[in-house]
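Student: Questions regarding the structure given below will be posed in turn.
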Amino acid sequence: MLILLLVKKSIWAVVVIVILILSFRFYKTTISLQPKDNWVNVLDICQRNTPYQLPPEFSRSVSLILQRYQDGNDENLSTYRSIENCLDIQYGDLDEEEGLFYFDPKYSSTDHLTIRVDSDYKYQDDLTTAFLLSHELTHAKQFVKEIVSGKKMDCVDMEAEAFFQQIKFGSYLNDEESKSVVARAEKVSNKNSQIINYSNLLDIGWDAIGGCNLHGVKVISNEQKNCYKNLLSEKLREMVRSNTYYQKQCYF
0 MLILLLVKKS
10 IWAVVVIVIL
20 ILSFRFYKTT
30 ISLQPKDNWV
40 NVLDICQRNT
50 PYQLPPEFSR
60 SVSLILQRYQ
70 DGNDENLSTY
80 RSIENCLDIQ
90 YGDLDEEEGL
100 FYFDPKYSST
110 DHLTIRVDSD
120 YKYQDDLTTA
130 FLLSHELTHA
140 KQFVKEIVSG
150 KKMDCVDMEA
160 EAFFQQIKFG
170 SYLNDEESKS
180 VVARAEKVSN
190 KNSQIINYSN
200 LLDIGWDAIG
210 GCNLHGVKVI
220 SNEQKNCYKN
230 LLSEKLREMV
240 RSNTYYQKQC
250 YF
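So, in structure tokens, the structure goes:
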């Protein structure tokens with residue numbers, strides 16, 4: 000499946016980012032996610048019939064994420080819907096992080112997926128918060144899948160997948176939402192960290208397109224798809240490895 004992202008930024012007049020989301024799973028050959036026959040267990044793992052009481056802005060943002068994943072026919076939608084009632088998203092006074100999923104079993108379980116968002120986000124709009132939560136919800140999904148499989152995922156791979164999910168979320172936005180992102184990204188005075196982060200992720204995607212000589216290509220071969228998939232995957236890993244925060248988090 001090809002998703003075309005038309006993004007207008009201050010450094011480009013018009014940039015078309017081609018996000019190659021393969022039919023089953025983007026990281027199927029490069030990141031060790033679980034095989035299809037484990038999905039039944041994942042979908043049944045959250046036993047809550049009612050959601051946790053969340054601040055309304057978080058409920059709206061999660062709802063927006065799931066709606067856009069549905070619009071984009073995202074392959075992970077069923078997993079996200081299955082854990083929705085077990086998401087406990089609250090504000091907290093975080094140090095370095097803007098958002099944090101707790102992998103520690105002292106704080107998270109299959110029926111209590113704990114996410115904390117820095118208190119500064121009380122003043123952010125729902126779309127900004129949704130970009131942040133699209134990253135943290137990916138970690139919640141990873142936590143559940145680790146429990147199902149009994150296998151730990153690589154820390155760098157987990158972060159790379161979470162960033163890729165943010166790219167996908169941005170690609171699923173409707174026209175008005177995309178225009179809002181573009182308008183803010185174009186402003187020299189923009190200090191919205193999620194918009195800045197998303198713009199940087201698109202730069203990485205654009206570099207991967209250039210690295211595979213896909214500029215202006217209308218019909219993309221399987222070989223070119225694999226080139227883009229592998230190159231984008233590695234570039235996201237490089238981004239994670241070069242970040243001092245993730246160097247500490249991933250112990251390298």
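Counted from 1, the sequence shown has number 81 at position 82 by numbering that gives the first Met the number 0; the numbering is strictly sequential.
By construction, the Cβ of each residue, glycine as well, lies at the ideal position given by its N, Cα and C atoms.
1. Within 10 angstroms of the Cβ of Ser133, are there 16 or more other Cβ atoms? Answer buried if so, exposed if not.
2. Quick one: grab the DSSP three-state call for Gln246.
3. For Asn37, name the three-state secondary structure that DSSP assigns.
4. Please work out which residues of its chain come closer than 7 Å, Cβ to Cβ, to Tyr79, disregarding the five sequence neighbours upstream and downstream, and give them in chain order.
5. Using the Cα positions of Pro50 and Phe57, report the straight-line distance between them to the nearest angstrom.
6. Please say whether Phe130 and Phe168 have beta carbons closer to each other than 8 Å?
7. Use the C-beta contact count for Asp253: other C-beta atoms within 10 angstroms, 16 or more gives buried, fewer gives exposed.
8. On the three-state DSSP scale, how would you describe Ser188?
9. Any idea which residues DSSP pairs Ile208 with across the strands?
10. By the DSSP assignment, the beta strand (DSSP E) with Phe102 in it spans what residues?
11. Could you pull the start and end residues of the alpha helix (DSSP H) that Ile219 belongs to?
12. Taking the alpha carbon of Gln164 as the point to measure from, which residue in Asp125, Lys190 and Gly204 has its own alpha carbon closest?
13. Out of curiosity, what's the CA-to-CA distance linking Arg115 and Arg47?
14. Phe23 to Glu74, Cα distance in whole Å?
15. Given a threshold of 16 other Cβ atoms within 10 Å of its Cβ, counted over all protein chains shown, does His138 qualify as buried or as exposed?
16. For the region 124-183, list the alpha helix (DSSP H) runs that are entirely contained and at least 4 residues long, ordered along the chain.
17. Between the alpha carbons of Leu231 and Leu213, how many angstroms are there, rounded?
18. Between which residues of its own chain and Ala161 is the CB-CB distance below 7 Å, once the five residues before and five after are set aside?
19. Taking 8 Å as the limit between beta carbons, can you name the residues of its chain near Lys178, skipping five residues before and five after?
20. Would you say Ile194 and Val180 are within 8 Å of each other, going by their C-beta atoms?
21. Using the Cα positions of Asn221 and Asn229, report the straight-line distance between them to the nearest angstrom.
Tutor: Taking the definition as stated:
1. buried
2. Looking at Gln246 - three-state DSSP - the assignment turns out to be helix.
3. At Asn37 the pLDDT is 43, less than 50, meaning the model places this residue with poor confidence and gives no usable figure here.
4. Leu65, Tyr68, Leu136 and Lys140
5. 12 Å
6. Taking 8 Å as the Cβ cut-off, Phe168 and Phe130 qualify as a contacting pair.
7. Nothing about residue 253 can be reported from this structure: the residues present for the chain run from 0 to 251 only.
8. If DSSP states are grouped into helix, strand and coil, Ser188 belongs with coil.
9. Paired residues: none, contrary to the question.
10. No beta strand (DSSP E) holds Phe102; DSSP gives it neither H nor E.
11. No alpha helix (DSSP H) contains Ile219, which DSSP labels as neither H nor E.
12. Gly204
13. Each residue's Cα considered, the two are about 20 Å apart.
14. Summary for Phe23: the model assigns pLDDT 33, below 50, so the residue's position carries little reliability; its value from the coordinates is reported in the next sentence. For Phe23 and Glu74, the distance between alpha carbons rounds to 7 Å.
15. By the beta-carbon neighbour count (other beta carbons within 10 angstroms, threshold 16), His138 is buried.
16. 125-148 and 154-170
17. 13 Å
18. His134, Thr137 and His138.
19. For Lys178, where only same-chain residues beyond five positions count, there are no Cβ hits under 8 Å.
20. yes
21. 12 Å
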